[in-house]
Structure formats: C-alpha cells, structure tokens
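Trainee: Numbering (the working numbering), first residue to last: 39 to 713.
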Amino acid sequence: MCSKSLRILLFLSCLIVAAILIITNFGTALFFPSKRNTHRNSTSIKEDDYKFVDIQNAYSDNLDQPDLCEHSSNNVEIKCSIKENSSSDACFTETACSSKKSSAIEQTPVADKETENAKDLSPTRYISGQIEQTGENASYNPKHTVSLEKKELLEVLDKIAEKNIPLAGTAHYSDRIIDEIIIYKNEIVIVNIRVSGDLEEITLWEVLQTCSKDIDTHKGLKKKSSIKESTVSYPILIKYIPIIAHSILTYYSSCEIDVNSIVLYGFIFTQNEDIFEQYKIFSSIKTLTLKNTTIYSSTLYLLSRCIALKEICFDVGTDVKVDTTAIASIPNLEKLKLYTVNKKNVPWMLSIANFCTNLKEINITEIDFMNTAGLNSLINLEKITILTLMDIVFDGIPDFSFLKKMRALQKLIMIRIFYSYTNEFMQKELTKIKITPRYLNPTIDLDGSLMQKEEEDVLSKSIIEENRTVGAHISSNIVRIDSKLYNDLGMCKINPKKKSEYAIAIIFAEKLNERSWMNSVEIEFSLDDTMQNRLDIRANSIIVVKSAILKYIESISFPFLHIKTIKEISLTNSFKAPYESNMIDIFFSQIFTYTKHNNIKKLHMLSLIYTLHMDTYMIITIGNSMLDLNEIYLVNVLFEPTNTKPKNSNEEHALNSYAAYIQTAYSFMFKCRLI
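1) Within its chain, find whatever has a CB closer than 7 Å to the CB of A697; leave out the 5 residues flanking it on each side and keep chain order.
2) Using alpha carbons as the reference points, say which of R518, I581 and L523 lies closest to K549.
3) Please work out which residues of its chain come closer than 8 Å, Cβ to Cβ, to E539, disregarding the five sequence neighbours upstream and downstream, and give them in chain order.
4) In the DSSP assignment, find the alpha helix (DSSP H) that holds E467 and state where it starts and stops.
5) Note down, in chain order, each residue of its chain lying with its Cβ closer than 8 Å to the Cβ of L371, except the 5 sequence neighbours on either side.
6) Could you give the DSSP three-state label for A577: helix, strand or coil?
7) Exposed or buried, S695, counting other C-beta atoms within 10 Å across all chains shown (16 or more means buried)?
8) With distances taken between CB atoms, is the gap from V358 to S335 smaller than 8 Å?
9) Figure out for me which residue from D361, A692, C344 and P679 has the closest Cα to the Cα of K318.
10) Quick check on this structure: which residue in K639, S612 and R518 has the alpha carbon closest to the alpha carbon of N571?
11) Are the CB atoms of K373 and E399 within a distance shorter than 8 Å?
12) Residues bridged to L599 by DSSP?
13) Under three-state DSSP, which class holds D217?
14) May I have the straight-line CA-CA distance separating S627 from L340, to the nearest angstrom?
15) Indicate the three-state DSSP secondary structure (helix, strand or coil) for H284 in the structure shown.
16) Can you give the Cα-Cα distance for A176 and L195, rounded to whole angstroms?
17) Do I544 and S513 have their C-beta atoms closer together than 8 Å?
18) Here's the rule I'm using: 16 or more other beta-carbon atoms within 10 Å means buried, otherwise exposed. How should L53 be labelled?
19) Would you kindly work out how many angstroms separate the C-alpha atoms of T649 and S234, rounded to a whole number?
20) In or out: A586 buried (at least 16 other Cβ within 10 Å) or exposed?
21) Taking Cβ positions, are Y303 and Y272 nearer each other than 8 Å?
22) Is DSSP giving A366 helix, strand or coil here?
23) So, I281 versus L205, is the Cβ gap smaller than 8 Å?
24) What's the C-alpha gap between Y729 and H284?
25) Please classify R454 as buried or exposed, where buried requires at least 16 other C-beta atoms within 10 Å of its C-beta.
26) In its own chain, which residues sit with a C-beta less than 8 Å from the C-beta of N95, not counting the 5 before and 5 after it?
27) Taking the beta carbon of I417 as the centre, do at least 16 other beta carbons fall within 10 Å, making it buried, or is it exposed?
28) Under 7 Å Cβ to Cβ from Q701, same chain only, skipping five residues before and after it: list those, please.
29) Please classify N505: does DSSP put it in a helix, a strand, or coil?
30) Starting from A541, trace the beta strand (DSSP E) in both directions and tell me its first and last residue.
31) Could you name the residues of the same chain whose beta carbon sits closer than 6 Å to that of E562, not counting the 5 residues immediately before and after it, in chain order?
32) Short check: CB of P480 to CB of I594, under 8 Å?
33) For C249, report the span of its alpha helix (DSSP H) as first-last.
34) Use the C-beta contact count for L50: other C-beta atoms within 10 angstroms, 16 or more gives buried, fewer gives exposed.
35) In the DSSP output, which residue or residues are listed as bridge partners for H651?
36) Let me see if you follow: with CB-CB separation under 8 Å, is F677 close to chain B or not?
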C-alpha cells in the first residue's frame, strides 16, 4: 500500500514540474518575444562581442587589406555599429564600414561567427542629404540606428544647399566625408581679432549652423564693431567640399561688420569664381593675404571691385593659375608682398604693380631661383618708397638696374641675397648655397684685394658695370644690405638729400643656416638730420670678429665719402677681436678717407664692451692724416708703448707730450687737443 502511494506522489510531482515549465516558457514567449531564438533570421551581438579596432591605422593601410568591419555571406552586407564618444550626445553612430579607410580612432564592434547568417541588419546610404535604410527588415533597432548627429548634419547641409542653387548639384556626400565633418566639426575655422582687442574663435559646426539658420553672428557685440584681422581657414583634415568653403566664407553675410584684414588659408577656388562679389566679407577689406590657396587669375582680376584694398600678400603655398592675360587694376593698392611662392608665379604677381598707380611698397621674401626680369619689366616704380628683398636665390646674373627707377625710395632692405657672377647655381645645391657665407660677402683675393677682373672676364661685363652705377642713383634714408651687394652696387656713392637723416647698415656674414643668420657682423653709418655735419659709425657684434671679417671690412669703401659737410666723426665699437688683430688700424684707415672731401674737426671713439689696445704712435698718425682735426676723444682705450721711431723732431716732441699726458690722465678716458 505504501509503495503504491509513493508511486502516485512521484507521478503527481512530475506533472507539477512539467506544468511549471510549460507555463514559464509560454509566459516568456508571450511577454518577452524579443528573447526568442532568432538565429535563423538575425544575429545576437553581445557586449562581449565588441572589440577595439584602430581605424586610424586602417585609414593609412593599403586598400587591399581586408576590412575589419565587413563580412559577406549569402550576398548579404553586414555593417557594424561604432560607439562614438561625443560631448554633445551619447548615442551610437553607425558608420559605413565598407569604406576601406577612416580618419579617427574609434571603438568598433566586430560580430562573431554567428553574424555570417544574419539577414535583417539594414545598411544605410547617404544620398544628397537623405537617409535611406535598405534590407529585409528596416524597423527601428536601438543598437543599429542612424546617428542623430549625422541626420542633423545632413539636414544642415541640405538647408545650405537649398539657399544656394549652384551648390545643389554638389550636395552628394560619401560616408567618409560625413564622418570627417563630424569628427572635425569642432575645428576652429575663423579667428577674429576685434579692434577692441577681443579674440574670437569660431568652429566649423558653429559656421554650418549659422549658415543654415541665418543665426546672428556678432555674438553679443555691436554689429558695427569692426574686425581688425580675420583668419579664415578651410579645415585641412576634411576633403575639400564647395559647400563647406561656401559656408565659411558666408559666415558674416547676416550682419553688418567691417573686416579690415583677411587671411584666406587652404581654399581651392574654381575658374571664374567671383568670390569678391559673392561674399560680403570682402566688401570692406583693406588687406588680403592668400596662404596655401589655389586661385585663378580671372578671379583675381575681379579685385578691382575692392576699392578699399590697400595691401595684397601672396603667402607660402599660394598658386595662381593664369587663365587670362587681363590684370586687375586695383586703384588704391599700396603694398604688394610675395612670401615663399613658387618662382613660376612671380612674374604674374609682380605684373599687378603695372596697373596700380598708387603702389608704394614691394616685398619679396624667400623665393628660390627667381630672376630679375620681372622687376626690370615694371613701369610704375616712381612712387615706390619701400623695397624689401630677403632670402632670395637668384638664377643667373641679377640685373639690379630697376633700382634706378625708384626715385622716391626711402627704405631699401636687401639681405640674404644669394647670387654669383662666376658660378651657376644648381637646384641640387640649394641647401649648400644657403649656408655659404661667401655668397653674401665681398669677393676678395688672399691679399684682400677685390677680385673683379676675373668676374668681368667670365660673365657679362655690361651687367656688372651697370650694377656698380646703381648706388649713385640711390637716396634711400634707410638701407640694410649684404656687404657683397653693397660693394657690387657701388653703394658707397649713395647720394643723400640735404636736411634728411640717413642710416646704412652693412652686414658681414660669418656663419649661416638655411633660415637665419647664425653669426654676423653689422656696421651702421648714420648722418644727422640737420646739416649732416656728424657721422656716427657703430660696429655691432656679439661674436669674436675673425680676421676674415676684418678683411671684408677693409676691402669695401665706407658710405657718404662724397659729401662735403661732415665735421665730426664718432665711432662706437662693440667688436671683440683677437689681441693681435689690427682692428683699430683698419677702422682708422677707413675713417681717414673722409678727409678727402671734408674738414674733420672732432674724432670720438668709444669701446662699449671690450677695452681696445692702441699703439701710442697712432695719435701721431691720426694727426698727420686728419690735418684739420682739433680734438680727439677716446674712451675705454689702453695705450701701449710704441716701437715706432719718430720721423722728425716735431713728432718726437708730440709723442713725449702724449706719453706724459697718458701717465697722468684717467686711464679709462683720453681727451686732448692735438699738438
């Protein structure tokens, strides 16, 4: 009986367990249908299935490498989601991983082998700003949704295109472009410096939103507030898209703001693109700088509409594609600057000067293997007041006769000008040329004499002789020039105008690198601005002056030798020379040449840093060479006993008197009237 009862209880227990299991499965299927087994129709991707993939490396890998995010089975394309960290939202961003490259490092889920049978994941296409889902199942899936951020971006781009009909045809964006814009949307594309001194930085996303919604752009400042300088850049990490460039340039179209100076960086303008009429930002500019920008000459021709423009600068990387022979006449242009542009662009850029009657300044810097033909072809040079030529390697024999046409020239800067009358420069030798000091210093023989005869025998005698006459036609108030060029142009014959101050700085190179002076010596000569009675000579150097530099100084002729008004000469020295050098003798021998046309009454010499050693007999030499000299004043000079014998009794008497005076006078200072 007990055995039968146990069997009945066991049977009932089994029935109860079975009932519970049936009820549990039915409830799950009823209330949680998403947990049913769907391996036949979809892929279950778990958090454990997510792996990290370096997309930046994939961007730079060869296109033949297999795509880490793409799997193909049964002709079904599977795309994986990318989890994107963003400060503006926390949603998932779906990226078309079928693209072989990406431009950022992101976290990428990679499905396991079960994904090979998946069929219900819907790929996404971006066509003319529209979002389109395809596939068997296009229903909403929270883990495979189109990014709201991308949707917003596409809407913004479509709105901009709708406002500008010519851009509508270009409103096709690949997945890669969309991703790039999102990744770099916070790149600063506009930097403004207000007249008030305030600094503004505007991102690409701010620009796009502004252009799509006509948002006021003055950011709380008065609409009439002027911008001193605006640097407008196309983001270099985003492929060039016309609609992006258009948006950046139209940023200020919705408000009344005057922009004085604009720097355009990284733009690629198309042929006949009328940017100066189309965009309001150019309406009031006074200065335009093009940097790393491609532009057609037909577009630059339209600069004639910018009547306020006073300065244009073609900066590094700018390429002008010449598609018309017409040159813009910019009525009020005063300054033309060329910085680090290709030599092929120089002739056209310089030709602008021929159509600008008010041009006053030309600046050409860092151009390799240009020639002087473009400068010599210019016709409107009579009003040029400032000419700057720096860091230039000339191709062939430079002809500097264009300087004679600049009759109003007030400031002339010609430093680091590399050329040769005897050697032909080669492109492969460019680096070597730029670190060779002899191309900047006078050509001298071992005995210190200038080597001009050999040059004339080798190259055109007429050009060399013509260059030597240039100095007599120069009357610039300020001159900074290489010692070689100073000598070759005959700048010692500079013709100063009356009642004006003049300053000439001659630079002697000792050591160079490709971009700057390493060691150099500078001697500056200045005339006062009244009666030009006083000549100041300042020898400036922070290095020990070697004997080679002293030979260069000795070989040239000092400036202002031909004027007849100098009564007083002052020499201020900061050179440090070897003890055994004849630096004092060199300077005094050069100073003596001024007595040919001038009656020098006073001579002052001051050594600022180092005590100069002078032979006592030098006082006698000074008196014999400067017959009209009444007073000599020497500071920080140490006299040494002389080994030179007096030539006569007068010299002997004078020498004894000076020696006695030196013994009693303050050793730091020597001041006396000559006997």
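Quick reminder that beta carbons are idealized off the backbone N, C-alpha and C, glycines included. Bear in mind that the values here come from a model prediction, so they are computed numbers and not experimental data.
Mentor: Reading it off the structure:
1) The beta carbon of A697 is closer than 7 Å to those of T654 in its chain, skipping five residues each way along the sequence.
2) Here the closest residue by C-alpha is I581.
3) The residues are N515, S564, L565, D566 and D567.
4) Element bounds for E467: n/a, residue is neither H nor E.
5) Cβ neighbours of L371 beyond the five flanking positions: L347, K348, E349, I350, I390, C394, N396 and L397.
6) The three-state reading of DSSP puts A577 in strand, counting E and B together.
7) Note on S695: under 16 other CB atoms within 10 angstroms of its CB, so exposed under the neighbour-count rule.
8) In this structure, V358 lies near S335, with their beta-carbon atoms less than 8 Å apart.
9) Ranking D361, A692, C344 and P679 by CA distance to the CA of K318 puts C344 first.
10) Among K639, S612 and R518, the Cα nearest to that of N571 belongs to K639.
11) Yes. Within cutoff.
12) According to DSSP, L599 bridges with nothing at all.
13) Helix.
14) It is roughly 59 Å from the alpha-carbon of S627 to the alpha-carbon of L340.
15) H284 falls in the helix class under three-state DSSP.
16) Confidence at A176 is low in this model, with a pLDDT of 40, below 50, so the placement of that residue is unreliable and no value is reported for it.
17) No, Cβ-Cβ distance for I544 and S513 is not below 8 Å.
18) Classification of L53: exposed, given that the 10 Å Cβ count is below 16.
19) C-alpha separation (whole angstroms): 50 Å.
20) By the C-beta density criterion, A586 is exposed, having fewer than 16 other C-beta atoms within 10 angstroms.
21) It is a contact, given that the beta carbons lie within the stated cut-off.
22) Look at A366 here: in three-state DSSP terms it is coil, with no helix or strand label.
23) It is a contact, given that the beta carbons lie within the stated cut-off.
24) It is not possible to answer for residue 729, since the shown part of the chain is limited to 39 through 713.
25) The residue in question, R454, is buried, as its Cβ has 16 or more Cβ neighbours within 10 Å.
26) In this prediction, N95 has a pLDDT of 37, which is less than 50 and means its spatial position is unreliable; what the coordinates show is noted afterwards. Apart from sequence neighbours up to five positions away, no residue of its chain approaches N95 with a beta-carbon distance below 8 Å.
27) I417 counts as exposed, since fewer than 16 other C-beta atoms from the protein chains shown sit within 10 angstroms of its C-beta.
28) Around Q701: no qualifying Cβ.
29) Helix at N505.
30) For A541, the uninterrupted beta strand (DSSP E) segment begins and ends at Y540 to L550.
31) Excluding its 5 nearest sequence neighbours in each direction, E562 has C-beta neighbours in its own chain below 6 Å: A543 and R576, listed in chain order.
32) It is a contact, given that the beta carbons lie within the stated cut-off.
33) First-last of the alpha helix (DSSP H) with C249: L242 to K251.
34) Exposed, since its Cβ has fewer than 16 Cβ neighbours within 10 Å.
35) Partner(s): L676.
36) Protein chain content of the structure displayed is limited to a single chain, and chain B is not contained in it.
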